[in-house]
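Student: Quick one: the structure is below, questions incoming.
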Amino acid sequence: MSDAEMKDPKDEIIEIDALDESADTEDDSSEGTNTEDEDTEDDDNDESIESKHIKEYIEILTKIAGDKYNYDNYAELLEVAHQMNDLDKIRQSAEIFAAMYPLSPEIWLRWLKIESSLATTDEEVEKVEKLFQRALSDYYSAEVALEFAALAMKTDSKTIAERIWKTLIPTYGLHTMKGRSIFEAYREDTLTKDGDSPASFNRLARIYEQELKIPLRNMEDSYIEYKLLCEKYKDVLTDLDAEKFERRYKQAKEALQRMLPHETALAALEAHCHQERADLYRKYIADCQTLLDDDEVQILYERMVTECCLDGAVWHEYVRYLHRCPPDAEDNTASPVFRQTELDLVNRALRNCTWSAELYVEKMRIVERQATPTSKMTILKIMEDVASAGLQTPEASVKVWLEYLTYLRRVTDFASEKERDILRANFDLAWNQLGRTWGVLADPQCKILQYWGRLEYEALGEPNKGRDLWYSVMASSDNSSRVGLWIEFIEMEAKRGPEAARKLYRKSITTAGLDDPETLAAAWLRFERCNGSLEQLISCQELCNATIEKYYKTISKNGPSNRATKGKRPEAMGTTAHKDSDASAAKRQASSMDGAGGSPPGKKKVKRTNDNLSDTVGERQEEFKTPAIPPLHSSSKNHDHSKPEPSKPQTVIDIDSESDAKAGGDQSRQVFVSNLSFEVTETDIREIFPDLAIESIELVASSSGKSRGFGYMQLASAEEVPKALSFDRRPLNGRPVFISNVARDKTTRPHQFKYSSSFEPNKLFIKGLPFNLGQEELRRLFEPFGSIKDIRIVCFRSGKSKGLAYLEYETETSAKNAVLKMDQHVIDGFTITVAISSPPPKKNPTAAEPTLSVGDSGGSSSSLGSGKKLLGKWDVKQKLSPMIPTAVLKRSAAAASEEKPKSNDDFRKLLLK
């Protein structure tokens, strides 16, 4: 290797340095010139970037002026201001942003860190303190609170620091995951400012005791520190109550163990999972509410609305909670959370969710409850805000207008013609405003006109105007097919006289496409019995019979329409069309309405043969409104406390013998499906259960070959059965499909009508619910009172709610609190009744079945003509006893054929007596 190759790297560095030095010496003369050129170039670049930012800033301000509701424009404006490193522009853009929308904790934190770093004097610190107070009023943020704590530790003013701690400790010291950090900063600041003194140590002990009664993560470490403090300074510490302290610490620790799984689940969620986060918070609150103080529960609501700020439902739940459990503002005047009122909270909510109709409705109710002299003007201002905010759907607009008109009705003096005219003008304004905004989509059910028309009939005293409005209602959309609306219209017309009501009955029964003509016909018949002559009654019967006959012909030919199915009573749906011919079905339905034209009692019964055995089983299945076999595995829950349900009647036919023949296959891999539409095919069933490994499906058919609405699914393995059962009540063609186990042994089957006959102190019976209210909405309403064990909404077999529900709490106390708070609560215009579940006494199963006579509902007195005459299913008089279970009536009807019919002489003798 040559000498050149052996050169030390250090020598090479020295040579390079020497070259650099010589170069520097040679260029000494030009150095000043180059530096000046570079500085000029940098200045030009800075000016170019600054001018570019200024131009962008002005352009964004122009955008905001043209579209003040675009959130992204405000965020972009603030970002440009930060890029400019101009504090005045940052302040200006933040204030423009805050005037329209609340600033997120991240935006506040970025701004506040700049302000805190620049604040040196007490006056400047106080200005920054006010900014922190505004930030904490927008959203509950532990990160902003910790930065605020750093400001308290930074300032030399004990007054300012104490004021900051009074804001943070009662509010952010309750944060399960970050509260301990707040207390640690508080203790450190106390020691720094007070020094080592007995007073300082006693104050430190009080801070520990305050902290350790709150369920906070890692509270065991604080407990050890407290014990060490007590041991070290036991001679100077006073007012120590070890027993009380240990008891409260133990309670807090138990609550923490219950809370930590929820905190872990929340932390594991991705940032974009807003709905899942809201549901987790609801579950968190429901599970832990009984263990926490009201302030601690409110902090959970604050965290929920901060993390799900664009979900109007969570804000609405929080507002309702604050109404039920308002904080004591006098004890928390410094806390931005606990000093807020319902109105403050709903205003915060509407800054986040300007499109939420429920929040506007809630705000109007809050203002009305306050009953201040300015309430009327405030509610008018709310309606102006609604108009400028722009609701996203016509349904939301209708909801707000209905609430406003309802408020006006409550404050209107109907004795004053001027005030009546003002109310009418507002109804007219609402209707026209909706039409201009939404066109044909605006209020298709005419809820505004329905309400207006009813007021005209009643409080406003103009029934003719009310009639005109209701005719407009019935002419809109498909309202003319809604029997419920016709009956309501007729009820109001009856106030004008029986002839007006009769005219409307005649018009309504002849309307095409009625969803439930039987109910309308029955109502008209009752009306004519009470008010009409014999000729009018006969005319009514003839017209009603003709309408119902036409209705059933249409059903048997085309199947029930969706509208008809939705409006029909479930027990009348899909039963007649497949059992009878068109004419006979219509005649039976028409005659059963008034007892005319049916088979008379005592007519000889045709003996059944094996050929029509399956049809008979199908008829009995529909008569009892339950699947033939087996009983539904969930049917034990489907009871109604408003009337006791009958036990399953004994029948002459052995249903099990047929079910055994029909089922076949390996019973351990088999499930029973029922409540199917008669048009459902095997392919339809496979399509709605794609997750199941289905080996075969057998639908039970009648002798005519038509499906009877139930059948069997053979699964690939026994392990698939629990999975199949979990799909119980999945909808198919608008009907819930019932899935249950195939139990061969009668003794192992669940009882068909099983319900508790004893007082259930932890279970609520709720009635009067809106029919569209779901289980989750009901849970949200009742969760604040305690942990819910089970909820069941009582439904028809079509899946439509009956407006009844059972809700079971874990504890009796929760149930009692719910009754006190929620009874007579109004939900979407429905006033609900909430009571502790106390079912009527169950019938003695060993007692003989009662024999029902005409006019006798269980008493000992005999009726006219016979003491033991049994009701047949053809006899309309069975409707006179609505509280008698249908199955009992039918069982009595079956037994009627076995009795010898009475002759005319028998009746004559009874009458002569």
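Position one of the sequence shown corresponds to residue 5 (my numbering), numbered consecutively onward. For every residue, glycine included, the Cβ atom is placed at its ideal position computed from N, Cα and C.
#1: Hey, how far is the Cα of C547 from the Cα of N468?
#2: Do you know offhand how far K422's Cα is from A429's?
#3: Determine, using beta carbons only, whether Y61 and L91 come nearer to each other than 8 Å.
#4: At what residues does the beta strand (DSSP E) containing D794 begin and finish?
#5: Which runs of the alpha helix (DSSP H) spanning at least 4 residues fall entirely within the segment 207 to 248, listed in chain order?
#6: To the nearest angstrom, how far is the alpha carbon of K217 from that of L260?
#7: Looking at C-beta atoms only, is the number of pairs between the segment 237 to 247 and the segment 190 to 200 that lie closer than 8 Å three or more?
#8: Quick one: what does DSSP say I836 is sitting in, helix, strand or coil?
#9: Enumerate, from N- to C-terminal direction, the unbroken beta strand (DSSP E) stretches of 3 or more residues contained entirely within the segment 703 to 739.
#10: Does DSSP put S841 in a helix, in a strand, or in coil?
#11: For the beta strand (DSSP E) that contains K771, what are its first and last residues?
#12: So, does the CB of P694 fall closer than 8 Å to a CB anywhere in chain D?
#13: In chain order, what are the residue ranges of uninterrupted beta strand (DSSP E) at least 3 long that sit wholly in the segment 294 to 362?
#14: In terms of DSSP beta bridges, what is Y73 paired with?
#15: Considering F187, what are the terminal residues of the alpha helix (DSSP H) in which it resides?
#16: Which residues in the same chain as A393 place their Cβ atom closer than 6 Å to its Cβ, once the five residues preceding and following it in sequence are excluded?
#17: For R191, which residues from the same chain have a beta carbon less than 7 Å from its beta carbon, with the 5 sequence-adjacent residues on both sides left out?
#18: When you compare each of A419, V444 and V404 to F431 by their alpha carbons, which one comes out closest?
#19: Let me know the secondary structure DSSP gives L808 once reduced to three states.
#20: Determine, using beta carbons only, whether V350 and Q302 come nearer to each other than 8 Å.
#21: With 16 as the cutoff for other CB atoms within 10 Å, does A139 come out buried or exposed?
#22: By the 10 Å Cβ neighbour count, where 16 or more other Cβ atoms means buried, how is A69 classified, buried or exposed?
#23: Would you report the Cα separation of Q454 and I559, rounded to the nearest angstrom?
#24: Out of Q718, Q674, G803 and L782, which has the shortest C-alpha to C-alpha gap to V746?
#25: Which residue wins for smallest C-alpha separation from L773, given the options L808, K793 and Q779?
#26: Evaluate R307 with the Cβ neighbour count: other Cβ atoms within 10 Å of its Cβ, from every protein chain shown; 16 or more gives buried, anything less gives exposed.
#27: Using alpha carbons as the reference points, say which of V371, T376, S711 and A391 lies closest to I383.
#28: Which two residues bound the contiguous beta strand (DSSP E) that contains F676?
#29: Quick one: what does DSSP say K758 is sitting in, helix, strand or coil?
#30: Between I452 and A434, how many whole angstroms is the CB-CB distance? I'm expecting something under 8 Å.
#31: Who are the near neighbours of L314 in its chain, counting only those whose CB is closer than 8 Å to its CB and skipping five residues on each side?
#32: Cα-Cα, which of E147, A165 and F101 is closest to V129?
#33: Could you check the C-alpha separation between D770 and T194 for me, to the nearest Å?
#34: So which of Y230, K158, M88 and R221 has the shortest CA-CA distance to K59?
#35: So, under 8 Å CB-CB, F531 and A550 are touching, yes? Tell me the CB distance rounded to an integer number of Å.
#36: Going along the chain, which residues of its own chain have a beta-carbon closer than 6 Å to the beta-carbon of A22, five neighbours each way excluded?
Tutor: Answer, in terms of the structure:
#1: The identity of residue 547 in the sequence shown is Leu, whereas the question assumes Cys. Taking C-alpha positions only, L547 is separated from N468 by approximately 27 Å.
#2: Rounded to whole angstroms, K422 to A429 spans 11 Å at the Cα level.
#3: With respect to L91, Y61 sits apart: the two C-beta atoms are not nearer than 8 Å.
#4: Looking at the DSSP string, the run of the beta strand (DSSP E) that includes D794 is I792 to C799.
#5: Entirely contained in the segment 207 to 248, the alpha helix (DSSP H) runs reaching 4 residues are, in chain order, 223 to 236.
#6: Going from the Cα of K217 to the Cα of L260 covers about 11 Å.
#7: With the cut-off at 8 Å, the segment 237 to 247 and the segment 190 to 200 do not touch.
#8: Residue state, collapsed to three classes: coil.
#9: For the segment 703 to 739, whole beta strand (DSSP E) runs of length 3 or above, ordered along the chain, are 711 to 719 and 734 to 736.
#10: Strand, per DSSP.
#11: Where K771 is concerned, the enclosing beta strand (DSSP E) stretches over E764 to K771.
#12: Annotation note: the requested chain D is absent from the structure, which comprises a single protein chain.
#13: Counting whole runs of 3 or more residues, the segment 294 to 362 contains no beta strand (DSSP E) stretch at all.
#14: DSSP lists no partner for Y73.
#15: From DSSP, the alpha helix (DSSP H) with F187 extends over G183 to D198.
#16: So the list reads T358, once near-sequence residues are dropped.
#17: These residues qualify, in order along the chain: L208 and I211.
#18: F431 has its Cα closest to that of V404, out of A419, V444 and V404.
#19: DSSP places L808 in strand when its eight states are reduced to three.
#20: No; because the gap between Cβ atoms is not below 8 Å, this pair is not in contact.
#21: Buried is the call here.
#22: Exposed is the call here.
#23: Computed Cα separation, rounded: 30 Å.
#24: Residue Q674 is the option with its Cα nearest to V746.
#25: Distances from the alpha-carbon of L773 to those of L808, K793 and Q779 put L808 closest.
#26: R307 should be labelled buried.
#27: Comparing Cα-Cα distances from I383 to each of V371, T376, S711 and A391, the minimum goes to V371.
#28: Its beta strand (DSSP E) spans residues Q674 to S678.
#29: Because K758 sits at a pLDDT of 42, beneath the cut-off of 50, its placement in the model cannot be relied upon, and the point is left open.
#30: About 5 Å separates the two Cβ atoms, so the contact holds.
#31: The beta carbon of L314 is closer than 8 Å to those of H278, N356 and C357 in its chain, skipping five residues each way along the sequence.
#32: Ranking E147, A165 and F101 by Cα distance to V129 puts A165 first.
#33: Per the sequence shown, the amino acid found at residue 770 is Ile instead of Asp. Each residue's Cα considered, the two are about 54 Å apart.
#34: Checking every option, the nearest Cα to that of K59 belongs to M88.
#35: With a Cβ gap of about 18 Å, F531 and A550 do not count as contacting.
#36: Unreliable placement is indicated for A22, whose pLDDT of 43 sits below 50; the coordinate value is still reported in the next sentence. Apart from the 5 residues on each side of it in sequence, A22 has no Cβ closer than 6 Å to any other Cβ in its chain.
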